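*Asks:*
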């Protein structure tokens, strides 16, 4: 187990305080990161319906998933065997049956007192059909939207979580180095991806890497204008910019890191854009401290790049931590106008202020933890490769 | 572009025939594989809401996504620029706004004639909140469940799709070889994962690899009883079984492949179990041909392993093709009791009949394409490493 049972119980306690405030006697959790956060459960099983259910009046939550995955829950979670509920394989990708029918029948038999339950209405792995199934089978329960309830509890990390994120940051450094070493005129972008992925999974001699929630993003050349392109097997040309966005991952905890480099001598537009982005990052990192609002952090960035004649209309960062594909972001605080979240010690962010012009884009990022009087980076990697 | 515009138009035509039969004048598609199948769009952007919308009366569908990803849609899809609709970054992971508001307003302004629309109620990336948003903003439209409508069109592959899957099969061979070479007494499982991932992404000298929809699954030792465990950084012990389930991926097309091997001499239970699984696979592959039902294929397997004293209560395979995380399965036909789907030429399946006992599990798989009179494997890799 990644954490002591005490730490899991503390997390649950915080979730229950929030449930009580919202008048929820049950919480149906589909987000695999939230499932992991409360129970330790870890497996690539989120492609079939599964849940963790927390009842306000019970100490221990229930895991519900495919029968085939009960052994995985036994191996990775702290839950007692009688709290592992399952459905048979005939429910998997069936056109006529839904796994939530099985959960509903169990709720019907054992939890008839539940009146008001939260569900994660915007989670990736909670479908409209799953909701309808719960609502129609448990029609005496009022289901309300509790999306992000657990995510918000996740925002402030424990010291052990920070330790894992620093390990992830170390892996990110190694992966970025592998990527930068592989970017050469004539190299195929897919081989850069392969070198990065190898470093991500192998980790260090002391600890191995876990799979990040997002594969390496490697737009090269003109494709740098499209930030979520993965890679091609085209060869890198001299002077081509290559964006490398990746994360180190340890025990599902992430430390993302992005750099933009060139094979050979960079052009003038690239240098100017990089200089502006780096100055913006440095301004932010110099001033970040507890008590600031997320929108104030973004404003520092805007003011800096405005002096270089640029503006950027997308958010420049977001809260990070434990996660699963397709995203390492926590979906809570964002560094952007209007976000009034106040920074507190042990919050962790990915500061990723890319600028994309029509002909090319530059992304340079840092992951940081808010400390008592400033911030600390999770990785140590030069931002200035082109100088 | 991976396919000619003509091939995309043919796919659309088939989708429209099905829409007409179901009385749908619009289809809102959230599944990234379906979006790719109809438009070519490819990017790691499915962590934010996005859609392809097909209107029965219009030749060309619309792509709808984040403004930041429009360039990616320009680069990878065949759609005209005026068919790329977008929303601003203030809608991304916002607590008060939803991207589907923007799409709804556009539908309201331009598509007021639409009466009945299909949505994918069980797609990974279509949330209850997204549905509610469409339903409340476009309240004159009846939204009905059209989950799998496009997936079913995808089942029979074109010759070009088969060609891509054979390339994926070649990558799977190389990745499996890298994995088998790395499994040694004292090696860390994460380093086996790293070697596999490197081979998957690097591909061959002639063509690079794409990221598979699932990371390598590498349960080792006693963890082989839990099929969806990814990996640890523990060292492999002598005699430990290691399951290697992976896929080669080319242009988002998959060829999955699983083997179970041991570091050093395998034990008796392992050998017996492997022998039964292999015999079951061979029986199936010898007899698969067009005209058989999926459930009949499964029955052949059950009959064979029953002679060894085993039975398995989960499905032994499923339809495969183009896909994105978290799953490479198409969610249409499954090789299991009750599935009446009739095999036709150019259907493609992953036959993965694992058996998991309490102390260990064995998974051995093949991906095959149904031919005019039998089947052809996508990869060529020995099943008998322990003999």
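Chains as they are written, first to last, in UniProt numbering: chain A, 1 to 387; chain B, 1 to 387. From the three backbone atoms N, C-alpha and C, an ideal C-beta is built for every residue, glycine too. As the structure is a prediction and not an experimental result, all values here were calculated from the model.
1. Determine the burial state of residue 387 of chain B: buried for a count of at least 16 other Cβ atoms within 10 Å of its Cβ, exposed for fewer.
2. At a threshold of 7 Å, does residue 179 of chain A count as lining the ligand ADP (C-beta to nearest heavy atom)?
3. If you measure from the beta carbon of residue 357 of chain A to each beta carbon in chain B, is any gap under 8 Å?
4. For residue 182 of chain B, I'd like the list of residues in its chain whose CB is within less than 7 Å of its CB, leaving aside the five on either flank, ordered along the chain.
5. Between the segment 344-363 of chain B and the segment 88-107 of chain A, do at least 3 Cβ pairs fall closer than 8 Å?
6. Can the beta-carbon of residue 30 of chain A be found less than 8 Å from the beta-carbon of residue 72 of chain A?
7. Hey, how far is the Cα of residue 231 of chain A from the Cα of residue 211 of chain B?
8. Just to make sure I have the definition right: I need the residues of chain A whose C-beta is within less than 7 Å of the C-beta of residue 325 of chain B. Which are they?
9. Answer yes or no: does any C-beta atom of chain B fall closer than 8 Å to that of residue 122 of chain A?
10. Within 8 Å (strictly less), CB to CB, does residue 4 of chain A reach chain B?
11. Counting only Cβ pairs nearer than 7 Å, list the residues of chain A close to residue 125 of chain B.
12. So with Cβ pairs under 8 Å, would you call residue 17 of chain B a contact of chain A?
13. With a 10 Å radius around its C-beta and 16 neighbouring C-beta atoms as the bar for buried, classify residue 224 of chain A as buried or exposed.
14. What separation, rounded to the nearest whole angstrom, lies between the Cα atoms of residue 184 of chain A and residue 364 of chain A?
15. Which ranges does the beta strand (DSSP E) cover as unbroken runs of at least 3 residues, wholly within the segment 218-257 of chain A, from first to last along the chain?
16. Does residue 397 of chain B pass the burial test, meaning 16 or more other C-beta atoms within 10 Å, or should it be called exposed?
17. Helix, strand or coil for residue 26 of chain B, going by three-state DSSP, please let me know.
18. Quick one: which chain A residues come within Cβ less than 9 Å of residue 388 of chain B?
19. Relative to the alpha-carbon of residue 217 of chain A, which residue among A:175, A:111, A:206 has its alpha-carbon at the smallest distance?
20. Using a beta-carbon distance cut-off of less than 9 Å, what residues from the segment 56-82 of chain A approach chain B?
21. Considering only residues of the same chain and omitting the five flanking positions on each side of residue 255 of chain A, which have a CB-CB separation below 7 Å?
22. With burial defined as no fewer than 16 other Cβ atoms inside 10 Å of the residue's Cβ, what is the status of residue 375 of chain B: buried or exposed?
23. Which same chain residues end up closer than 6 Å to residue 145 of chain B when comparing Cβ atoms and leaving out the 5 residues on each side of it in sequence?
24. Under 8 Å, with one C-beta from each stretch per pair, do the segment 259-279 of chain B and the segment 304-312 of chain B reach the 3-pair mark?
25. If you scan the UniProt domain "Creatinase N-terminal" (11-156) of chain A from start to end, which runs of the beta strand (DSSP E) of 3 or more residues do you find wholly inside it?
26. When burial is assigned at 16 or more other CB atoms within 10 Å of the CB, is residue 282 of chain A buried or exposed?
27. For residue 273 of chain B, would you say it is in contact with chain A, using Cβ-to-Cβ distances shorter than 8 Å as the test?
28. Check the Cβ of residue 254 of chain B against every Cβ in chain A and list those closer than 9 Å, keeping chain order.
29. Relative to the C-alpha of residue 160 of chain A, which candidate in A:233, A:68, A:323, A:7 has its C-alpha closest?
30. Flag this pair as touching only if the segment 20-39 of chain A and the segment 312-332 of chain A have three or more C-beta atom pairs under 8 Å; answer yes or no.
31. Where does residue 294 of chain A land, buried or exposed, given buried means 16+ other C-beta within 10 angstroms?
32. Once you ignore the five residues that flank residue 152 of chain A on each side, which residues in its own chain have a CB closer than 6 Å to its CB?
33. Figure out for me which residue from B:157, B:16, B:250 has the closest Cα to the Cα of residue 209 of chain B.
34. Give, in chain order, every residue of the segment 300-316 of chain A whose Cβ lies closer than 7 Å to some Cβ of chain B.
*Replies:* Well, looking at it:
1. Confidence at residue 387 of chain B is low in this model, with a pLDDT of 46, below 50, so its placement is unreliable and the value that follows should be read with caution. Exposed, because fewer than 16 other Cβ atoms sit within 10 Å of the Cβ of residue 387 of chain B.
2. This structure simply doesn't include the ligand ADP, nor any ligand for that matter.
3. no
4. 191, 192, 195
5. no
6. no
7. 9 Å
8. 325, 326
9. yes
10. no
11. 124
12. no
13. buried
14. 19 Å
15. 241-250
16. A query on residue 397 of chain B cannot be resolved here, the shown segment of chain B reaching from 1 to 387 and no further.
17. strand
18. In this structure chain B extends from 1 to 387, so residue 388 of chain B is not present and cannot be described.
19. A:175
20. 66, 67, 68, 69, 70, 71, 72, 73, 74, 75, 76
21. 165, 168, 169, 172, 247, 248, 367, 378, 379
22. buried
23. 121
24. yes
25. 26-29, 51-55, 62-66, 84-87, 116-119, 142-145
26. exposed
27. no
28. Near residue 254 of chain B there are no residues of chain A at all, since even the closest Cβ is about 13 Å away, more than 9 Å.
29. A:7
30. yes
31. buried
32. 332
33. B:250
34. 313, 314, 315
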